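Asker: The structure is given below, and queries will be raised subsequently.
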Amino acid sequence: MRRWGIRKKVLVVTLVPTLLTTLILGSFFTQSWVGNIENLLRDRGQSLVRQLASASEYGMFTGNRNLLGSLANALLEERDVRSITFYNDQGRQLLHNGPRLSIDRTQGDLRKDGMTTLTAEDSSVFIMPVRLQELMLDSMFDMESGEAPPSAREPVGWVAVEMSHIRTDRERYRALLMSLLMILGGIALNVLIALRMSRSVTDPMFELNSAVARLREGRLDTRVHTHAGPEFEQLESGLNAMAAELNRAQEEMQQNVDQATEDLRETLETIEIQNIELDLARKEALEASRIKSEFLANMSHEIRTPLNGIIGFTELLLKSPQSRQQRDHLSTIRKSSQILLTIINDILDFSKIEAGKLILDHVPMGLRDTIEDVMVMLAPAAHAKHLDLVPLIYSDVPDTVLGDPLRVKQVITNLVNNAIKFTQTGEVVLRISLEAESEESHRLTLRFAVSDTGVGLSRSQQQTLFNAFSQADASTARQHGGTGLGLVISKRLVEEMGGEIGLESELGNGSTFWFTLPTEVAHDTSPTPPRDALRGERIIYLEQQATTGLAVQHLLTGWDVSVDRAESPTDMLQKVNQAQQQGHGYAVAIVGMTRHLLPSEQYRDLFRQLEVEHDCRTLLLTPTLENEETEVTDLASAHLTKPVCRDAFYNDLFFLIHGHDRRDETAAAEEEALRPAPRAPGDMAVLAVDDNDANRKLVLTLLEDAGVRAEGAANGFDALNRLQEESFDLVFMDVQMPGIDGPETTARLRRQEQGRRHTPVIALTAHALAEERERLLRRHFDGYLSKPVSGQQIRDTLTRFTGYQPDDPPRRRSTRSLTDTQRQLRPSSRSRDLPSMDPEESIRLAAGKVDLARELFSMLLDQVMTDRPVIEEMARAGQTDALLERVHKLHGGTRYCGVPELRQITEKLETAIKRGTDDQQTLTESLLAAMDRLQTWAEETDWEQLLSERQAGNA
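Numbered per numbering that gives the first Met the number 0, the sequence shown finishes at 954, counting up by one with no gaps.
See below:
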């Protein structure tokens, strides 16, 4: 009703009450009228039947039909009487006048005590019993008796009068018609009155509305006069006054518009001049932007060119012998150069983002490989500050997604590097989780969070943190270097990739920088090889850093490996010993150490006992080690640097558990077949072309370190002459050179090669722009290297384009993989009841003579060293008789030395060979393993000193 108009509301208010009243009254009076007509018919019928019953007493009593007929004929003259019927005292019809009854009577309808009324659709029948009156009884019976006979109280018959409904129905219809006409008339009158009243209200309002519409159209001379009452007169006067005021205001405004138009016309010429100036300024700005980009590219080239020599020769000097002070100075030079290179890269990236020239790739990206690359690169900086650097990737995160791996790596590197810079103690943890996933669109959102235990940030620092050239603490620029662009670039990169970036921090409680990455799973990549070869294995793990332990245990449980945690070295030795005694020893013992535990004698003894006493293979996890700290790595079977990389970790565990490399030899052979044929160092000739003497000398030095013959050229003309005189296998070509530059030199070389052998040309440029690579590859270059170049890049390029595989230069290795040094390894002993060597038993078997015990044990060791390859060959060839003879001889030698394990196994194998049982092969393998353990124990233990100590103890 709120949306109804006034007219509708007036009609409702006037019509509804009157219509309801008219309908109620009309219905009431119609019902009363019809009821009165029906009651009148019933009353007349009852009256007529009573009169007829009284008049017909004598005729009924005497049975005089003529009298009854005359009574019936007289009554039929009455209006609405249809028929008359007389019944005797037995209920049988005595006389009937008129049409046949329309109602079927039953015997039960003849009541003796009163009148009966029967009603049908067209008529009603009234039945009355006929009794004799008292006077008639007195005259008819003996007056002397004093009372009537008993039968005189019963009716002498019945009389029935049928009344027709025709006239009554006609009256009823007439009454209904008259009532309907009256109601309709009343309704019509009410409608007319309501319409009249509504028009008296709405017509003035419509007229006012029309006047307002005309005023809105600008016809301000409009005036309205409705003559509809005092209320509308007030509204009329207000509207007319408003129209007059608007008319006056419009005239004033028109004057002002005319004046403003005149002023605008005067300023249009000025604006046109300004537009011309702005257009010229825009062209100048575009030209300045182009010059800026060109300047940045040239600046990159000019700065990277000397940096290439500084970093390259610093690396070469670090590989050569020098004093500690010289090494520190060189490390400082290298670090400063790398900081300068980072600053240049940040400025170039920021410039590209501001210019809108940043192009993102959308390719399959190995997420875990990308994370591991960042962790390996930043681990030395974190470990130098004794920080625990840990990546935690949850199991629901897919391995391969679509994105730009370079930019994702850049963002993660910035965040993790900042966390390392501003954290003095504790840990830096990178967590990757699945935040949202859509099954319909196959899209998902990954959340990257870098948490640290550093100093934290205040609210004011957080507000300015993502501003360009801004840092939370200005003093950090001097302490750690940097331009303050890292977070700004990260923020813009994340936004370009469709994500968000933010931080959660509290001063003094560390910080958490996070960003989201909308992406989707890459389904068209090559399938990942299954990692199910370790399923069901048991590994014991000792770790001092809780978060690293959680990450490593998460990896192991993901491979269905059962992991038992040890609290201390003593606890680990007890659990390993107990498991071996129960026959289900551990496949590998993993020991994670921090830097301050590296010189610990307790851990050195732990590795010796695990490897020698318990014959359990060990994997050592350490932070990045310096040269003087690498001795501890020789104690374990394998060594990995924290944080562990998944593939290297799995490969080393596979090797330690199964004793051989998991690499598919067929796939390796196919990969080897795709490479170019290897070249001998004497056959290799490489030309280095660079106008900068330092850079040219660096490339030549790196090539000589790789073992190839290298020559240099200072410009393009010199390079073309050398290429005409001599054939080179590879050319490293600088891009910017005086005279003819690198692309022009390469183009002329290609024209000289018409019909001759193609010489690979690798571009060397200091330009770091992404589009530079594509441009150079389109200009006849075969490859691209960005300065500063390293020795590893030179060696990789040689292998890729020539097939020559130079030897790795001598350098410190942070990670030792078993697959790099050994091809076979004895797996851990799962069950051991007896030790390899018992010094006390050796002395006792030698009659207490230590010298004799030493001699006997030395002779046994020589025999074991000689017999082991022979026994292995005999067992492989199936020479049972010869094997029995060797084992029997070895068994005899064990009887005079304290070697319980070897004595027991040789005895079992000798018995099995003699009896021809089926366990000969298993026992032979156990014998070979026991011989290996005995030799290892002898090599790792000063057994002569041990025998002397035991003798002194017994004495």
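Here a beta-carbon is modelled for each residue, glycine too, at the ideal position from N, C-alpha and C. Please read all numbers here as calculations on a predicted model, not as lab measurements.
Candidates Phe294, Val375 and Ala705: which alpha carbon is nearest Arg794's?
Answerer: Counting from one through the sequence shown, the residue named residue 794 turns up at place 795. Measuring from the Cα of Arg794, the nearest candidate turns out to be Ala705.
Asker: Mind pulling the alpha helix (DSSP H) runs of 4 or more residues that sit fully within the region 379-446?
Answerer: For the region 379-446, whole alpha helix (DSSP H) runs of length 4 or above, ordered along the chain, are 404-420.
Asker: Determine, using beta carbons only, whether Glu703 and Arg721 come nearer to each other than 8 Å.
Answerer: Reading the sequence shown from its first residue, position 704 is the one you call residue 703. Reading the sequence shown from its first residue, position 722 is the one you call residue 721. The answer is no: Cβ separation not under 8 Å.
Asker: Quick one: grab the DSSP three-state call for Ala956.
Answerer: The structure shown does not extend to residue 956, since the chain spans only 0 to 954, so no value can be given for it.
Asker: Using the beta-carbon count (16 or more within 10 Å), is Met732 buried or exposed?
Answerer: Here residue 732 corresponds to residue number 733 of the sequence shown, with the count starting at 1. So Met732 ends up on the buried side.
Asker: Pick helix, strand or coil for His613, following the three-state DSSP scheme.
Answerer: To locate residue 613, count along the sequence shown from 1; it is residue 614. Residue state, collapsed to three classes: coil.
Asker: Does Glu153 come out as helix, strand or coil in the three-state DSSP assignment?
Answerer: As a first step, residue 153 must be located in the sequence shown, where it is residue number 154. Glu153: coil per DSSP, three-state reduction.
Asker: Hey, Ser636 and Arg607 are a contact pair by Cβ (cut 8 Å); roughly how many whole angstroms apart?
Answerer: Taking the sequence shown and counting its residues from 1, one reaches residue 636 at position 637. Taking the sequence shown and counting its residues from 1, one reaches residue 607 at position 608. Your pair Ser636 and Arg607 does not check out as a contact, with CB atoms roughly 12 Å apart and the cut at 8 Å.
Asker: At what residues does the beta strand (DSSP E) containing Gly501 begin and finish?
Answerer: The residue given as residue 501 occupies position 502 in the sequence shown. Counting along the chain, the beta strand (DSSP E) containing Gly501 begins and ends at Ile500 to Ser504.
Asker: Determine the contact status of Tyr585 and Arg564, defining contact as a CB-CB distance below 8 Å.
Answerer: Locating residue 585 in the sequence shown gives position 586, counting from the first residue. Locating residue 564 in the sequence shown gives position 565, counting from the first residue. No, they are not a contact pair.
Asker: If I measure Cβ to Cβ from Gln792 and keep anything under 8 Å in the same chain, skipping five residues before and after, which residues do I get?
Answerer: For the purposes of this step, residue 792 is taken as residue 793 along the sequence shown, with counting starting at 1. The residues are Leu784.
Asker: Between the alpha carbons of Leu306 and Leu797, how many angstroms are there, rounded?
Answerer: Sequence index remark: in the sequence shown, residue 306 carries index 307 (1-based). Sequence index remark: in the sequence shown, residue 797 carries index 798 (1-based). About 23 Å.
Asker: Output the distance between the C-alpha atoms of Gln601 and Leu329, rounded to the nearest integer angstrom.
Answerer: Against the sequence shown, residue 601 aligns to sequence position 602. Against the sequence shown, residue 329 aligns to sequence position 330. Going by the C-alpha atoms only, they are around 36 Å apart.
Asker: Where Glu206 and Leu277 are concerned, what is the direct C-alpha to C-alpha distance, given to the nearest angstrom?
Answerer: The sequence position of residue 206 within the sequence shown is 207, counting from 1. The sequence position of residue 277 within the sequence shown is 278, counting from 1. Separation of Glu206 and Leu277 (C-alpha to C-alpha, rounded to the nearest whole angstrom) is 55 Å.
Asker: Looking at Pro899 and Pro826, is the spacing between their C-beta atoms short of 8 Å?
Answerer: Counting from one through the sequence shown, the residue named residue 826 turns up at place 827. Counting from one through the sequence shown, the residue named residue 899 turns up at place 900. Their beta carbons are not under 8 Å apart, which means Pro826 does not touch Pro899 by this criterion.
Asker: Quick one: grab the DSSP three-state call for Val869.
Answerer: Position 870 of the sequence shown holds residue 869. In this structure, Val869 counts as helix in the three-state DSSP scheme.
Asker: Could you give the C-beta distance for Leu70 and Leu51, rounded to a whole number, given that I count them as a contact under 8 Å?
Answerer: Taking the sequence shown and counting its residues from 1, one reaches residue 70 at position 71. Taking the sequence shown and counting its residues from 1, one reaches residue 51 at position 52. Indeed, because the Cβ distance is near 6 Å, the residues count as touching under 8 Å.
Asker: So what's Thr940 in DSSP terms, helix, strand or just coil?
Answerer: The residue labelled residue 940 in the question sits at position 941 within the sequence shown. Reduced to three states, the DSSP call for Thr940 is coil.
Asker: Count Cβ pairs between the region 381-392 and the region 499-517 that sit closer than 8 Å; are there 3 or more?
Answerer: no
Asker: Here's the rule: buried if 16 or more other CB atoms are within 10 angstroms of the residue's CB, otherwise exposed. What is Phe654?
Answerer: Here residue 654 corresponds to residue number 655 of the sequence shown, with the count starting at 1. Buried, because 16 or more other Cβ atoms sit within 10 Å of the Cβ of Phe654.
Asker: From Ile739 to Arg750, what does the alpha carbon distance come to, in whole angstroms?
Answerer: Position 740 of the sequence shown holds residue 739. Position 751 of the sequence shown holds residue 750. Rounded to the nearest angstrom, the two C-alpha atoms are 15 Å apart.
Asker: Rounding to the nearest angstrom, what Cα-Cα distance links Ile656 and Lys696 in this structure?
Answerer: Residue mapping note: residue 656 aligns to position 657 of the sequence shown, counting from 1. Residue mapping note: residue 696 aligns to position 697 of the sequence shown, counting from 1. Cα to Cα, the separation comes out at about 48 Å.
Asker: Pull the bridge partners of Leu541 from the DSSP assignment, please.
Answerer: Residue numbering aside, residue 541 sits at position 542 when the sequence shown is read from its first letter. Paired residue(s): Ala565 and Val590.
Asker: Less than 8 Å between the beta carbons of Arg645 and Arg430, yes or no?
Answerer: Counting from one through the sequence shown, the residue named residue 645 turns up at place 646. Counting from one through the sequence shown, the residue named residue 430 turns up at place 431. No, Cβ-Cβ distance for Arg645 and Arg430 is not below 8 Å.
Asker: Any idea if Gln233 is buried or exposed, counting beta-carbon neighbours within 10 angstroms, 16 or more meaning buried?
Answerer: Within the sequence shown, numbered from 1, the residue matching residue 233 stands at position 234. So Gln233 ends up on the exposed side.
Asker: Please work out which residues of its chain come closer than 6 Å, Cβ to Cβ, to Ala159, disregarding the five sequence neighbours upstream and downstream, and give them in chain order.
Answerer: The count along the sequence shown starts at 1 and reaches residue 159 at position 160. Closer than 6 Å at the Cβ level, and outside the excluded window around Ala159, lie Thr84, Val124 and Ile126.
Asker: Could you tell me the distance, in whole angstroms, from the CA atom of Gln544 to the CA atom of Gly535?
Answerer: On the sequence shown, residue 544 is found 545 positions in, with the first residue counted as 1. On the sequence shown, residue 535 is found 536 positions in, with the first residue counted as 1. Computed Cα separation, rounded: 26 Å.
Asker: Please tell me whether Met162 and Arg43 are closer than 8 Å, where the distance is taken between their beta carbons.
Answerer: Working through the sequence shown from its first residue, we reach residue 162 at position 163. Working through the sequence shown from its first residue, we reach residue 43 at position 44. Cβ atoms of Met162 and Arg43: closer than 8 Å.
Asker: What three-state label does DSSP hand Glu101 in the structure shown?
Answerer: Residue mapping note: residue 101 aligns to position 102 of the sequence shown, counting from 1. Correcting the residue identity first, residue 101 is Ser in this sequence and not Glu. Three-state result, Ser101: coil.
Asker: In terms of residues, what are the limits of the beta strand (DSSP E) holding Met364?
Answerer: Looking up residue 364 in the sequence shown gives position 365. Start and end: Val362 to Gly365.
Asker: Only counting the same chain, and skipping five residues up and downstream in sequence, which positions put a Cβ closer than 6 Å to that of Thr923?
Answerer: Counting from 1 along the sequence shown, the entry for residue 923 is found at position 924. Ala874, listed in sequence order.
Asker: Tell me, which residues are paired with Leu618 by DSSP?
Answerer: In the sequence shown, residue 618 corresponds to position 619, counting from 1. Note: Leu618 sits in a beta bridge opposite Ile589 and Ala637.
Asker: For the alpha helix (DSSP H) that Gln723 lies in, which residues bound it at each end?
Answerer: Within the sequence shown, the letter at position 724 stands for residue 723. Counting along the chain, the alpha helix (DSSP H) containing Gln723 begins and ends at Gly715 to Glu724.
Asker: Mind checking whether Pro642 and Met374 have CB atoms under 8 Å apart?
Answerer: Here residue 642 refers to the residue found at position 643 of the sequence shown. Here residue 374 refers to the residue found at position 375 of the sequence shown. A contact, by the Cβ cut-off of 8 Å.
Asker: According to DSSP, what are the bridge partners of Asn38?
Answerer: As a first step, residue 38 must be located in the sequence shown, where it is residue number 39. Asn38 is not bridged to any residue.
Asker: With distances taken between CB atoms, is the gap from Pro742 to Arg778 smaller than 8 Å?
Answerer: By 1-based counting over the sequence shown, the position of residue 742 is 743. By 1-based counting over the sequence shown, the position of residue 778 is 779. Going by C-beta atoms, Pro742 is nearer than 8 Å to Arg778.
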